[in-house]
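To start, the structure under review is shown below, and the notes come after it.
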Amino acid sequence: MRTIDWRDGRVVAIEQTRLPHDRVLVEIDTVEDLVSAIKRLAIRGAPALGAAGALGTALAARLYAGDPAAVRSAAAALRAARPTAVNLAWGVDRALARLGQGPEAVLAEALAVLQEDVECNRALSERGARWLTESLGGPLAIQTHCNAGALACVEWGTALGVVRSLRERDALRHVYAAETRPLLQGARLTSWELADMKVPHTLVVDSASASVLARGLADAVVVGADRIAANGDVVNKVGTFPLALAAAHAGAPMVVAAPESTIDLATPTGAEVEIEIRGSDEVTRWGGVPVALAGTDTLNYAFDVTPAALVTAIVTERRIILPSAGGRPDDRYER
Numbered sequence: 000m001r002t003i004d005w006r007d008g009r010v011v012a013i014e015q016t017r018l019p020h021d022r023v024l025v026e027i028d029t030v031e032d033l034v035s036a037i038k039r040l041a042i043r044g045a046p047a048l049g050a051a052g053a054l055g056t057a058l059a060a061r062l063y064a065g066d067p068a069a070v071r072s073a074a075a076a077l078r079a080a081r082p083t084a085v086n087l088a089w090g091v092d093r094a095l096a097r098l099g100q101g102p103e104a105v106l107a108e109a110l111a112v113l114q115e116d117v118e119c120n121r122a123l124s125e126r127g128a129r130w131l132t133e134s135l136g137g138p139l140a141i142q143t144h145c146n147a148g149a150l151a152c153v154e155w156g157t158a159l160g161v162v163r164s165l166r167e168r169d170a171l172r173h174v175y176a177a178e179t180r181p182l183l184q185g186a187r188l189t190s191w192e193l194a195d196m197k198v199p200h201t202l203v204v205d206s207a208s209a210s211v212l213a214r215g216l217a218d219a220v221v222v223g224a225d226r227i228a229a230n231g232d233v234v235n236k237v238g239t240f241p242l243a244l245a246a247a248h249a250g251a252p253m254v255v256a257a258p259e260s261t262i263d264l265a266t267p268t269g270a271e272v273e274i275e276i277r278g279s280d281e282v283t284r285w286g287g288v289p290v291a292l293a294g295t296d297t298l299n300y301a302f303d304v305t306p307a308a309l310v311t312a313i314v315t316e317r318r319i320i321l322p323s324a325g326g327r328p329d330d331r332y333e334r
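So for the sequence shown, numbering that gives the first Met the number 0 puts the first residue at 0; every next one is plus one.
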């Protein structure tokens, strides 16, 4: 089952806020409902958001056929649903570029985005697994953060795609997965995917992630990305930056697995990226139960910026970039 797809004129996606207890599909036939699903993280993950942006634009082109202004307005709402992840806007813009050719051309482009996502994530996963085994040997224990598996993509995954490829090579020993705010996406989603893959794994409290590395339990960190700046700075789920600091201290490689579409050459550094700040209820309440005093002020960053100097390798479907060794995404460094 694909995480997100097009079926009978609708966007169909796994409702990720119901996992791990219920695996259900949500059928979406309005742009407003798709924007809502994106904002509440029913659909999430950079590559999946790219697919959602493209499919949402195709949906708008059908709903508002003959009214380009209405389609562009709907596309703008989709782009603004989550500002940090560059793939959402990328998917919208790619499908919108075909608007002048009619709704079917927009849909064809959106479906191409989905198929390319599957292909490029398999390619980058194999490249990442090969690089890790050539660099470190194996079998390896991998530490990851947030969810960068099949649920974050159309299929397969990025960081967890590398894990899948390591397992296929008999080069995987164990995975340490951090809980991850917001909404405990590591605990709810990554551990669910790892269990489904029958991969030995341990769920780790976010604040203990550095200790996993300091104690030598993990050989490398492999994470996804929501945006990669032109200088190699990586924007990913909050908690990635301290994990990168811990990896540097422990001498463990910090590997980022992401498609080329996540590289934003129009953004010079991570400092220019708008970082999403989410609502207080995600911090002061859990499962509807208050865990802090009413009125407590919060700072609920959804993402942080890992400086390029802390990133050992960025693995894409085309290449490996070595930011901490001077390689930059805009240099077209190839390996």
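Virtual Cβ for every residue (Gly too), placed ideally from N, Cα, C. What you are looking at is a predicted structure, and each value in this text was computed from that prediction instead of being measured.
Query: If you count every other CB in all the chains shown that lies within 10 Å of the CB of M0, and 16 or more means buried, which is it?; Result: exposed
Query: I'd like to check one pair, D218 with F302: are the Cβ atoms closer than 8 Å?; Result: no
Query: Going by Cα to Cα distance, which pick from H20, L321 and S210 is closest to V254?; Result: L321
Query: Sort A59, R277 and A213 by Cα distance to G250 and report the nearest one.; Result: A213
Query: Smallest Cα separation from R365: which of A147, G137, G136 and E154?; Result: Outside the shown range of the chain (0 to 334) lies residue 365, about which nothing can therefore be said.
Query: Going straight from the alpha carbon of S210 to that of I37, what length do you get?; Result: 33 Å
Query: Provide the residue span of the beta strand (DSSP E) that contains E26, from first to last.; Result: L24 to I27
Query: Determine the direct distance from the alpha carbon of L123 to that of T315, and round the result to whole angstroms.; Result: 5 Å
Query: Return the Cβ separation of A128 and R172 in integer angstroms, given the expectation that the two are a contact with Cβ distance under 8 Å.; Result: Not confirmed; about 13 Å, so no contact.
Query: Under a three-way DSSP split, which group does G286 fall into?; Result: coil
Query: Quick check on W155: does DSSP put it in helix, strand or coil?; Result: coil
Query: Please classify L253: does DSSP put it in a helix, a strand, or coil?; Result: According to the sequence shown, residue 253 is Met rather than Leu. Strand, per DSSP.
Query: Would you decide whether W89 is buried or exposed? Buried here means 16 or more other CB atoms lie within 10 Å of its CB.; Result: buried
Query: Contact between the segment 56-75 and the segment 23-33 is defined here as three or more beta-carbon pairs at a separation below 8 Å; is this criterion met?; Result: yes
Query: When the Cα atoms are used, what is the spatial distance from L139 to R93?; Result: 38 Å
Query: Could you spell out the range, first to last residue, of the beta strand (DSSP E) harbouring V204?; Result: First-last for V204: undefined, no H or E at that position.
Query: Alpha carbons only, please: which of I42, V23, W5 and I13 is nearest the one belonging to L58?; Result: W5
Query: Using the three-state DSSP reduction, which class does G44 fall into: helix, strand or coil?; Result: coil
Query: Output yes or no for whether 8 Å exceeds the beta carbon distance between G286 and N299.; Result: no
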